Amino acid sequence: MKNILRVSALFIGSLMLAGCKTSEAFNSHPNVVVYGSHIQIERVSDHALEGGIKQAVVTGKSTARHDRPIRYRALWSDSEGRPIKTVVSTWGEMTLAGRRPFNMEFVAPGNRARAYQVEIEVLEEN
Amino acid sequence: MTVFRNIVLLGCLFGYEAVLAASTEKVDARIDRGETTVGLDYRDFEDAAADAVQSIIASGAVNNPAGGRYVMMISRIVNDTMQRIDTDQLIKKIRIELLNSGKVVVTTAVSGAGAEDSASFDVREDVRGNDEFDQSRVQRKGTLVAPDISLSGKIMQRNISVGSRKQQVEYYFQLSLTDLETGLATWENEFPIIKRTTNRRAGW
Chain A
20 MKNILRVSAL
30 FIGSLMLAGC
40 KTSEAFNSHP
50 NVVVYGSHIQ
60 IERVSDHALE
70 GGIKQAVVTG
80 KSTARHDRPI
90 RYRALWSDSE
100 GRPIKTVVST
110 WGEMTLAGRR
120 PFNMEFVAPG
130 NRARAYQVEI
140 EVLEEN
Chain B
12 MTVFRNIVLL
22 GCLFGYEAVL
32 AASTEKVDAR
42 IDRGETTVGL
52 DYRDFEDAAA
62 DAVQSIIASG
72 AVNNPAGGRY
82 VMMISRIVND
92 TMQRIDTDQL
102 IKKIRIELLN
112 SGKVVVTTAV
122 SGAGAEDSAS
132 FDVREDVRGN
142 DEFDQSRVQR
152 KGTLVAPDIS
162 LSGKIMQRNI
172 SVGSRKQQVE
182 YYFQLSLTDL
192 ETGLATWENE
202 FPIIKRTTNR
212 RAGW
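The following block contains the structure:
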């Protein structure tokens with residue numbers, strides 16, 4: 020009986036610790052920061068559209084078992100690293116299907132946007 | 012006894028007001044994750060504007076082959092929803108972004124509902140030929156720039172019952188960019204926003 024209680028206490032304790040764990044940010048690519056787990060960034064590419072405006076494409080895969088909501092955005096900056104305040108950097112939301120690939124496209128707000136940083140945040144960890 | 016009851020009631024009322032006042036907070040729109048509303052709120056307009064701007068720029072429809080910027084006029088934007096919406100909540104964001112992109116400049120002298128800013132005409136009518144003004148500084152005839160392209164659109168709403176207790180509220184932001192030389196739409200897109208809620212919350 021004591022052993023059962025001990026095992027239960029350990030189990031409950033580990034669950035509580037898991038619940039308290041904060042989501043960590045990691046850079047799997049210099050242009051992408053992921054806040055959360057089970058997201059694998061596979062490719063980040065950018066090219067100039069007609070007219071010289073930059074477009075960035077991020078492809079990856081959710082390694083989680085279940086569908087999870089995320090939000091994402093691209094922050095753009097000019098050639099001197101100054102951030103550009105723009106509505107295109109508004110957070111977008113989507114649901115990543117479990118164990119499925121995903122891709123995101125971001126168009127720069129103009130020719131002066133030279134560099135970008137994509138942020139992906141998992142809203143509900145399973 | 013009645014006096015005591017009135018004092019208690021008054022106290023409760025002031026307490027309730029105090030709680031309401033204390034619960035008011037300023038929202039940081041950059042990180043706001045507040046509850047989704049049934050109606051259209053600022054986040055919906057920002058989402059639609061962000062998608063529209065990226066789509067317009069990516070399509071190349073605002074790349075002027077002659078070089079320089081296109082002059083754009085804002086045509087008719089119809090609010091076909093059950094809500095009272097100022098369509099500028101969407102259009103202003105798109106205008107600002109297109110202006111900042113360096114691809115487009117917007118005329119306020121022509122719009123779907125007459126001049127958006129009548130000052131361009133007022134100064135000509137009121138000041139031209141008026142001896143009180145230095146005529147060398149009055150705008151000359153034929154200096155207003157005609158638009159090359161126009162932005163028009165519609166915001167639609169559809170309510171669909173989902174079972175007996177829920178409703179699906181569908182909003183569609185439909186936008187078109189027209190080349191005024193040819194009358195052809197060079198860019199068109201639709202940005203749907205779908206919300207599902209209980210019948211009680213969709214009170215229209």
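As given, the protein sequences belong to chains A and B, one line each in that order.
Numbers given in the working numbering equal positions in the first sequence, counted from 1, plus 19.
Numbers given in the working numbering equal positions in the second sequence, counted from 1, plus 11.
Heads up, the beta-carbon is just placed ideally off N, CA and C, and yes, glycines get one too.
Owing to the predicted nature of the structure, the values given are computational and were not obtained by experimental measurement.
- In this structure, MET83 (chain B) and ILE160 (chain B) form a Cβ contact; the two beta carbons are roughly 5 angstroms apart against a cut-off of 8 angstroms.
- Under the three-state reduction of DSSP, SER175 (chain B) is assigned to coil, being neither helix nor strand.
- Residues of the region 64–95 of chain A that bring their beta carbon within less than 7 angstroms of a beta carbon in chain B comprise LEU68, GLU69, GLY70, ILE72, GLN74, in sequence order.
- Using a C-beta cut-off of 8 angstroms, the region 133–146 of chain B makes no contact with the region 192–202 of chain B, since fewer than three inter-stretch Cβ pairs fall below that distance.
- Taking a contact as a CB-CB distance under 8 angstroms, the pair THR47 (chain B) and LYS206 (chain B) counts as one, their CB atoms being some 7 angstroms apart.
- The criterion of a C-beta distance shorter than 8 angstroms is satisfied by ALA63 (chain B) and LEU186 (chain B).
- Setting aside the 5 residues that flank it on each side, GLN150 (chain B) is surrounded in the same chain by VAL134, ARG135, each with a C-beta closer than 7 angstroms to its C-beta; the list follows chain order.
- One alpha carbon belongs to ILE67 (chain B), the other to ARG41 (chain B), and they sit about 23 angstroms apart.
- With a beta-carbon spacing of about 6 angstroms, GLN74 (chain A) and GLU124 (chain A) fall inside the 8 angstroms limit used to define contacts.
- DSSP, reduced to helix, strand and coil, places LYS73 (chain A) within a strand of the structure shown.
- With a threshold of 16 other beta carbon atoms within 10 Å, GLU192 (chain B) falls short and is exposed.
- Taking 7 angstroms as the upper bound on Cβ-Cβ separation, chain A lies near residues GLU57, ASP58, ALA60, ALA61, VAL64, GLN65, ILE68, ALA69, GLY71, ASN74 of the region 47–79 of chain B.
- Against chain B, the CB of THR114 (chain A) has no partner CB under 8 angstroms away; the residue lies outside that interface.
- Note on PHE144 (chain B): under 16 other CB atoms within 10 angstroms of its CB, so exposed under the neighbour-count rule.
- For the region 165–184 of chain B, the beta-carbon criterion of a distance under 9 angstroms to any beta-carbon of chain A is satisfied by none of its residues.
- What VAL106 (chain A) touches in chain B, judged by beta-carbon distance under 7 angstroms, is GLU57, ALA60, ALA61, VAL64, LYS104, GLU108, going in chain order.
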